[in-house]
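Protein chains in written order, with my numbering: chain H, 1 to 301; chain C, 302 to 602; chain P, 603 to 903; chain A, 904 to 1204. Beta carbons are placed, not taken as given, at the ideal position from N, Cα and C, and that holds for glycine.
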């Protein structure tokens, strides 16, 4: 019986990198979680334990920290591209790299109405993300966000659905709709190649498009909201060709207060933990580039 | 050998209550985690399983939801007082109650620069908290916050400490100082009794005092910062007589980049998970009331 | 600009199902987390909110619970197949289903050396898993486990690796090797079609093969251990054609005790949290069936 | 307005210590999470940042690791006592110490029916715990366990409880009872002083008493089970004078299958997350020593 090695990668996951820019008295901080993974001619270490082609994960970690000093980190997409290209360009046997970065948000502490020079408070748990893939001289960039928790207290209905003997759900014309957005969007090959993307502005406006679509879409289903959110990003950012969204439906159950002779007109809810709905989908621009390895080893949604 | 029942309490923990105020088209939401616990003449159920004096935890949960409808929830201290007094006042055998509430923060989604009427995004993971204890006709209120993550990129030193054969830590005159603040503050008996406290303003200004003290204290030790933070709250809010703080020292380790011929002047850090320092202490106003049961069954810090 | 809907699925995630078999006085319990997802002709709900083809996630949940009563749950693969085939077979517009099940382990409490009839204690956090995909009349089964935490206190080396200017890791001929195994293995199309698989025995022996390979492989790299583990499963179970493994390298760092004039011959370690190595790979039997949709929407490793 | 420093302590939390005993080819491992906290004359650092009396938390961490090498760790109570006495005995200004240790469980991997010499798999998430307090020449020992998850599929009733207008819970004579046991037990002053305690045997038999009491008590309330569990420990171990238990009632809700024309005779359950009941209490031997500082800074239950 013959057995072969299939796809594989290895790296250092969740390097917790914090940088402080100390030009002048006003400091700036960045807080990143960086995961690197390398691919290439790695059969020997798997089959015989010959590590001569293995770039240790410890070296990958060192590179992350050293690169953060050698140049400004810049936008997370730029930092991920620097790292990915370095690994692929520096080792003949390493033909591919995937760099994931999550950015954690901070804001300045206000003291007497003035933002402090060097004191910060953590903002929400929402993370800005990127996943950069390098394979030889090709690159793909997929950016996005996760843990953006949003809720609409009205403007959401759910009815007219398919029914069978296991259906007990009442149809409703007004419900709370809440989710924790995980969104990833893929940039066009051309935009990445021409280096014409303002990553910060692209992120800020894509994020705002998601939020506005969530807020303003009168929702007949979370699927409809998902599609509206993805479409809004594509309409706003020409350099983006595909959006993938994973939207847990965080059920808010109107509590039955009738035993206590109380009406409950969608005013009092139990926020349930599990189970939860999970709505996932992709929205694409017509003529989008072939995704190549952009999504390879990412979760699909 | 004789055995006796000691202190005990029971209740329903972590009721996830979300309310929507729907007066007019502009909605307001509240997101609370409410835990109730009752105390009293509960020996029978422990010794024989006779439950005739047990107010079921399910009833406690129902009461939380019903009370949220019968009146506006109001400030979390008010809601906790309503609940605690109800349980103690309604059942002869229930002589005491402790109600814990965490409030989760949301902000309106901006659409084209305008806050949306009924769409919200979760703010930081920081929670506003209260712990109200009722015992007969006495009440104690301990409010505060937790998971307020803050960081100073300079303005922190640590040196001049006691050394022994196990000491290897280098003394530093500049370091990153980061912590996740858990603070609880106790209100004076008189202020609670006279119902003169503006809970919302009290919280907002106490929180701001904590933040400002953290930001502006040039720190020679996290203990010094802790004491400054506690003192700032007491100076700002006369109705508060004691502050207890638990401050994990979230170590940010300057990475040694010298093997790569790079200097690291406090610019590149590894944010470590464990172990972490843990600095805990209480700061009291002279002549503070005896705490009575205010802290009973809470963690000490 | 034209925009289209891409791949999508929706369902109810993490239904927490516990069943009790009460034949006679000796009870048996099963503790499962079941997630269903459906695929098919779902464009309308995304584009217009027309839900006429949507089988509500609530209905999916009800089906899980009802099916657990209508027949014995049986092995998790059988239960997932029943559910998946039901959804695809019952609704014309639903052309595909993916059912994920995690099984949580319990053992009987011993009382005076005798296993108790109806009292149980939770075993380790290790979960037995399955991911069943149905598409029309085709099915794929991928089973496995996760959160199997293992450690070798010797029998692991790491040296001879590629070096560059960012390499500082010392080469070692003896180290602690620890990981949390996530393994998934794919069954051959023929074995699934012929229904010849004893799922319980297949799981038990595949798991044992993983453990024995981890224990007995003198490891020169975690990649070598990964390949040995995958190979061991393939050698043991002819019905399995592919194994995918994700192995975090949970670093145990020998503490430098030399400042205290103490040697540390791999006796005292700090178990680090982050970062960690992450070694991932697939091992395949030659001539393995095309995977089809077996891994679709699963994480790659 | 005068302000004073109240109770305080500081230390290094969650040192993740793993030791390997390498006598001969059969290795033994220990996996501990150790937290130290010191108390004493620490006003200066709080008020002025004068650290001359501060034993750095980094030194505390070093001491933990060095002590693990200087002598065998032994039972966690012994290791905690060694550490606590060291800190109080070595620094004039340090008058008290509290050492918390959690022990994580591992078992040997079986290979062909034989326990392997140096390969291990993690057992359940249950932790054996101790909390040792030293104050001058006094010591207190509180040991226990946590995260011991247990379930009874029958032998539990709940009825006859107090009712009011908010009561909707149906009375039941058969239910699933599940909890995650956190138990702490205090040793008598005399037993600790005379060093007559076989810590390993004491733990093993106390744990077994808890399990047997849970299994064999026909439960009319979780309070009754709690009292039975505490009593069982006291009856089994004369050196223990007090047991405190915190028992979340992990609700298993029998799913209403009547819409599907299915009976559900306590066979199919939804395991709920939140809210959950929380039953807490202490059980004492008559004439138990005054607890002194045994529970100081621990959560009450």
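- In this structure, DSSP gives residue 311/C an extended state, which the three-state scheme calls strand.
- Residue 1086/A has 1048/A, 1148/A as its beta-bridge partners, per DSSP.
- Note that the C-beta distance between residue 814/P and residue 1014/A is below 8 Å.
- When rounded, the separation of the alpha-carbon atoms in residue 725/P and residue 1026/A is 7 Å.
- Non-local C-beta neighbours of residue 327/C in its own chain, meaning closer than 7 Å and more than five positions away in sequence, comprise 418, ordered along the chain.
- For residue 456/C, the closest Cβ of chain H is nearer than 8 Å.
- Check the Cα spacing between residue 791/P and each of 896/P, 755/P, 697/P: the tightest is with 896/P.
- For residue 1113/A, none of the residues of chain C pass the 8 Å Cβ criterion, the least Cβ distance being about 15 Å.
- Counting C-beta atoms within 10 angstroms of its own C-beta, residue 332/C has 16 or more neighbours from the protein chains shown and is therefore classed as buried.
- Comparing C-alpha distances from residue 860/P to each of 936/A, 956/A, 966/A shows the shortest one belongs to 966/A.
- A distance below 6 Å between beta-carbons, with the five flanking residues on each side excluded, links residue 848/P to the following residues of its chain, in chain order: 784, 882, 903.
- For residue 861/P, the C-beta contacts it makes with chain C under 7 Å involve 469, in order along the chain.
- The beta carbons of residue 452/C and residue 101/H sit about 19 Å from each other, so the pair does not count as a contact at 8 Å.
- Within 10 angstroms of the beta-carbon of residue 621/P lie 16 or more other beta-carbons, which makes it buried.
- Only exposed fits residue 625/P, as fewer than 16 other CB atoms lie within 10 angstroms of its CB.
- Taking C-beta atoms as the reference points, residue 185/H and residue 103/H fail to come closer than 8 Å.
- Look at residue 559/C here: in three-state DSSP terms it is helix.
- The alpha-carbon separation between residue 436/C and residue 308/C amounts to approximately 14 Å.
- Taking all protein chains shown into account, residue 758/P has 16 or more neighbouring C-beta atoms within 10 Å of its C-beta and is therefore buried.
- Relative to the Cα of residue 820/P, the nearest Cα in the group 793/P, 877/P, 755/P, 770/P belongs to 755/P.
- Residue contact check for residue 165/H against chain A: a CB pair falls below 8 Å.
- Against chain P, the beta carbon of residue 429/C has no neighbour under 9 Å; the closest one sits roughly 29 Å away.
- For chain C, the residues of the segment 15-32 of chain H that bring a beta carbon within less than 8 Å of one of its beta carbons are 15, 16, 17, 18, 19, 20, 21, 22, 27, 29, 31, in chain order.
- Here residue 950/A is not bridged, per DSSP, to any residue.
- Counted as a single uninterrupted DSSP element, the alpha helix (DSSP H) harbouring residue 1136/A occupies residues 1125-1139.
- Residue 398/C counts as buried, since at least 16 other C-beta atoms from the protein chains shown sit within 10 angstroms of its C-beta.
- Chain H places a beta carbon closer than 8 Å to that of residue 1177/A, counting this residue as a contact.
- Beyond the five residues adjoining it in sequence on each side, residue 508/C comes within less than 7 Å, by CB distance, of 446 in the same chain, given in chain order.
- Apart from the 5 residues on each side of it in sequence, residue 779/P sits with its Cβ closer than 6 Å to the Cβ of 754, 758, 821 in its chain, given in chain order.
- Residue 1140/A is classed as buried because its beta carbon has at least 16 other beta carbons within 10 Å across all chains shown.
- For residue 369/C, the enclosing alpha helix (DSSP H) starts and ends at 358-371.
- At a cut-off of 8 Å, the C-beta of residue 70/H has a neighbouring C-beta in chain C.
- Taking 8 Å as the cut-off, the beta carbon of residue 945/A is found closer than this to the beta carbon of residue 957/A.
- Burial is judged here by how many other beta carbons sit within 10 angstroms of a residue's own beta carbon; residue 963/A has at least 16 and is buried.
- Against chain P, the CB of residue 285/H has a partner CB under 8 Å away; the residue lies at that interface.
- Under the 10 Å beta carbon count, residue 270/H is surrounded by 16 or more other beta carbons and is classified as buried.
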